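**Q**
Chains as they are written, first to last, in our numbering: chain A, 1441 to 1840; chain B, 0 to 627.
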């Protein structure tokens, strides 16, 4: 008796699955996965971004005459649930490719799934270098500039600073660890005179900011590298401001210039931090103007970096599908390798060698304007300028 | 020197906010015996409401008034929750209230995003406490000084409340012996409601006071809830002073620990708790729990093995389930396999929790160890799949052998929290030891071999193993060993008196449960093709608890139904909506109200009542209680 339940549940799921597989021939489906319920602050603008892209693509006649449909799933921030979702998209929805993901471990889980099931996967956001290098595979491509690229952009500025004594504060998980490791390595290469005097590793999402700030101050560094973000960053900035940690010290910070993380700081934004980010208010290029106008017209809101990532993910996916003229994974890979597509930041290319896109980021300084945090003196850094040589990349990627 | 003093004061400020929340939890548990999982949710609500009020009301009065008003508003919400929900389930099996409060937590997490939006909110700085005080060249935020003073003030106020008022005397009496208080004619309903209100008020106040130094966001509850539980347990359940000392201890160890080991924060509280509980089984200031008056074994319908007809029905059901590959697609089969794996996991926890009477809050550790065992064997040793499946779970067995030896020395909530501590320590090893475990990026590429790779084959494999494990656990339950285990659960004194080596029996049960969980984890690794620290995280342990409680902890077949219903619903909801937590939370709360004995428990008591009215058992129960 007890197992009859299992069957009933199974049948119900099967029925639901079959009802959906009756897909018409004139649509192309992309399966999209992201941490909508866990990270709404990032994923809401992201969703708006890709919805805008879908609208534009279909208004322009779809992909080779077929209508584009994006089937979107939540992963709840768990790798195992992301795989369940990926499985549903591939098995029940018959999507042509997978796209999305935010967290690095989820990106890797879906990338491994794609490799196993031989499905094309365009990773949108995960930053870990492993996605395209140490755990890279032929089915996986990535849009956003990786940890390494962002670190290289920041190091270029950091090396110009006179500071010799550096401390680091980073969340204690793979993202924080690898960001610090790459930054240290690249900066020490450029500036052998630098000393690393302290490192703090608060748990992600649980920083006890007071003691951390005190501990860093006690080491008396001349400059600080920060990798925390979100609520941890808010706590760190508040404690740091009150305790005078940032006074007279240079701070270099990953991602802090992104509106997602900068806006919550309001008038408490620390000034003069060297950051990567997205100053949507000061980018004056025709490509970005067009995107900004369309986005503001549709949502009556300003874009975040997530909006750009969502928009460009689907735009890139559509370009790959259009060029391949097929939904076969091998043809999609062939089409994507070396493909150049326009983006709000200018043209980007998906490299053949490691499947990384050359999308870049803006590097600038933080400032407060009208009680809000902004990025000033921001300049776009092309991703292609901050990648190691092909020979090094060859060594990093596993042999197929 | 000045630096160390400032670091000490900073630790005290952290302790104050921890103490406020912890004291509320401690009071609620002491009187009502509710493991209030929603305490973090009330803390978060306090912060959100305070944010709104202080944004609307200007000036110093507006700020401080807003903080207090927010705590009062949330306390009122707490009263409503207590009256509408918790009152109905005080007599449900132990820990069932945990399920209700877990459902509430899920709902609140989605509701705050719906009401206040997804962005992190930056609250106002406290008027008059914006700057810092210079202390020999070191800066101490004046708000920290305020918190440092507030902690002992609240402690003193609570002490006065409990020592010098009639209400306080009643609360202390109820903490010691609530049946006796009821027998003396105290209106328990309102006593419980008022205690719950005070506890929630403290939690919300703790949250509201965070807004000048934290960001208000929808994951605040998870950040604090586990830590607060740990503080309460270190201090000793029901002891306010204990909560204060424990909060100071944990915060100071953290403040100074990071100077030597910057990565210590991740597990510090759990290490402290494990050490304290091993040395002092009832926490620093706790007393040995009074013997439980109501013998659990007598409140339930007596367990019995299946009749031959029922056995046949189970076989037919299994055969029907085995037909799924002929009707379902690949997705249905993968979901089916996942459900079968969770049946194994839930059954293993149920064996420990219902048969052994030992509720573990860290059962995912053994599931995860099984999964990592497989991953190590497959990736590092390159063993074939069959060998991995057979040997991988042994890592779970090993973990259970070691941790079980310590854990079974304790009982009740202390046992639960020690298992949680061990699970967190194992988790943080998997999380931090990047060179071996890959850290949170996990171990990839653990896919099944060809013979098991197709979804239908893997489904049959999982279903077959699940059937074997469930049957084996049932056999053990109704074996002499199972009877001895239940004897220990129902009356440790009597069973030791008749010569049962209780601790050895419980330890064995712990190892059995850990090993079977490891089997589930081993299959899970192959199902997903990868292993992550997530597979041994707190949320998975809580999922297992919810499955067992949902099915009915006092039944034998409960975990099977609980796992199927919860997992199927969860997967379906996550696929259908971003508000899966809200819907799932509402579902759980409804189940709690409609089926206070769990789904299977409710059906069993209906059929049991129909079969034969047992008029004598209450009398018998009363007599037995007297004898205890």
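Every residue, glycine too, gets a C-beta built ideally from N, C-alpha and C.
Fair warning: this is a prediction, and the values are worked out from it, not measured in the lab.
When you compare the CB positions of residue 62/B and residue 126/B, do they come within less than 8 Å of one another, or not?
**A** Yes. Within cutoff.
**Q** If we ignore side chains and look at the alpha-carbon of each, how far apart do residue 1748/A and residue 598/B end up?
**A** When rounded, the distance between both Cα atoms is 47 Å.
**Q** In chain A, which residues lie with their C-beta within 8 Å of the C-beta of residue 446/B?
**A** Result: 1556.
**Q** Suppose the cutoff is 7 Å on Cβ atoms and the five residues either side in sequence are ignored; what does the same chain contact list for residue 1882/A look like?
**A** Absent from the structure is residue 1882/A, since the part of chain A shown begins at 1441 and ends at 1840.
**Q** Do you know whose CA, among 199/B, 511/B, 466/B, lies nearest residue 318/B's CA?
**A** Ranking the options by Cα distance to residue 318/B, first place goes to 466/B.
**Q** Take residue 456/B as the anchor and find which of 435/B, 521/B, 336/B has the nearest alpha-carbon.
**A** Checked all of 435/B, 521/B, 336/B; the closest Cα to residue 456/B is 336/B.
**Q** For a contact defined as C-beta to C-beta under 8 Å, what are the partners of residue 1552/A on chain B?
**A** Within 8 Å Cβ-Cβ: 443, 444, 528, 529.
**Q** Can you pull the chain A residues whose beta carbon is under 7 Å from the beta carbon of residue 218/B, in chain order?
**A** Those are 1645, listed as they occur along chain A.
**Q** Assuming residue 1799/A contacts residue 1752/A (C-beta within less than 8 Å), just tell me the rounded distance between them.
**A** Sure, about 7 Å apart at Cβ, within 8 Å.
**Q** What alpha helix (DSSP H) runs, 4 residues minimum, are completely inside the stretch 182-230 of chain B?
**A** Listed in chain order, they are 187-207.
**Q** So, helix, strand or coil for residue 1781/A, using DSSP?
**A** Residue 1781/A: strand per DSSP, three-state reduction.
**Q** How many angstroms separate the CA atom of residue 1802/A from the CA atom of residue 1839/A?
**A** Approximately 33 Å, taken between the alpha carbons.
**Q** List the residues of chain B that residue 1545/A touches, going by C-beta distances under 7 Å, in chain order.
**A** Residues of chain B passing the Cβ test: 439, 440, 441, 531.
**Q** Are any of the Cβ atoms in chain B nearer than 8 Å to that of residue 1607/A?
**A** False, the Cβ-Cβ gap to chain B never drops below 8 Å.
**Q** Assuming contact is defined by CB atoms lying nearer than 8 Å, are residue 1825/A and residue 1793/A in contact in what I supplied?
**A** No, Cβ-Cβ distance for residue 1825/A and residue 1793/A is not below 8 Å.
**Q** Compile a chain-ordered list of the residues in the stretch 1479-1508 of chain A whose CB is closer than 7 Å to at least one CB of chain B.
**A** Within the stretch 1479-1508 of chain A, the residues whose Cβ lies closer than 7 Å to some Cβ of chain B are 1480, 1481, 1484, listed in chain order.
**Q** In angstroms, rounded to a whole number, what distance separates the CA positions of residue 509/B and residue 400/B?
**A** Taking the straight line from one Cα to the other gives about 8 Å.
**Q** Using alpha carbons as the reference points, say which of 1727/A, 1706/A, 1836/A, 1714/A lies closest to residue 1809/A.
**A** If we check each option's Cα against that of residue 1809/A, 1706/A comes out closest.
**Q** Hey, how far is the Cα of residue 162/B from the Cα of residue 1649/A?
**A** Cα-Cα distance, rounded: 36 Å.
**Q** Using CA atoms only, rank isn't needed, just tell me which of 74/B, 96/B, 451/B, 518/B is closest to residue 552/B.
**A** Ranking 74/B, 96/B, 451/B, 518/B by Cα distance to residue 552/B puts 96/B first.
**Q** Any heavy atom of the ligand NAD closer than 7 Å to the CB of residue 501/B?
**A** In the structure shown, the ligand NAD is absent, as is every other ligand, since no ligand is present at all.
**Q** How many Å lie between residue 1673/A and residue 37/B at the Cα?
**A** The alpha-carbon atoms of residue 1673/A and residue 37/B are separated by roughly 26 Å.
**Q** Say whether chain B places a C-beta atom closer than 8 Å to the C-beta of residue 1621/A.
**A** False, the Cβ-Cβ gap to chain B never drops below 8 Å.
**Q** Could you tell me which of 121/B, 112/B, 155/B, 98/B sits nearest to residue 19/B, measuring between CA atoms?
**A** For residue 19/B, the nearest C-alpha among the options comes from 155/B.
**Q** For chain B, is any of its Cβ atoms less than 8 Å away from the one on residue 1668/A?
**A** It does not; no Cβ of chain B falls within 8 Å.
**Q** If you draw a straight line from the C-alpha of residue 7/B to the C-alpha of residue 1651/A, how long is it?
**A** So the alpha carbons of these two residues sit roughly 9 Å apart.
**Q** Using a Cβ cut-off of 8 Å (strictly closer), state whether residue 553/B contacts chain A.
**A** Not closer than 8 Å to any Cβ of chain A, the Cβ of residue 553/B fails to qualify, so no.
**Q** Which partner residues does residue 1813/A have in the DSSP bridge list?
**A** DSSP, once it has assigned bridges, lists 1808/A as partnering residue 1813/A.
**Q** How about residue 1496/A and residue 1539/A: do their beta carbons lie closer than 8 Å?
**A** Cβ distance not < 8 Å, so residue 1496/A and residue 1539/A don't count as in contact.
**Q** Output yes if chain A places a C-beta closer than 8 Å to the C-beta of residue 14/B; else output no.
**A** Not closer than 8 Å to any Cβ of chain A, the Cβ of residue 14/B fails to qualify, so no.
**Q** By the three-class DSSP mapping on this structure, what secondary structure does residue 1541/A have?
**A** Correct three-state label for residue 1541/A: coil.
**Q** When you compare only the Cα positions, how much space is there between residue 130/B and residue 1678/A?
**A** Each residue's Cα considered, the two are about 11 Å apart.
**Q** Between which residues of its own chain and residue 9/B is the CB-CB distance below 7 Å, once the five residues before and five after are set aside?
**A** Taken in chain order, the residues that qualify are 143, 254.
**Q** Quick one: list the residues of chain C neighbouring residue 1535/A, beta-carbon separation under 9 Å, in chain order.
**A** Although the question refers to chain C, the structure presented lacks it and instead comprises the protein chains A and B.
**Q** For residue 1640/A, which residues in chain B fall below 8 Å Cβ to Cβ?
**A** Those are 257, 261, listed as they occur along chain B.
**Q** List the residues of chain A whose Cβ lies closer than 9 Å to the Cβ of residue 130/B, in chain order.
**A** Ordered by position in chain A, the residues that pass the 9 Å Cβ test against residue 130/B are 1682.
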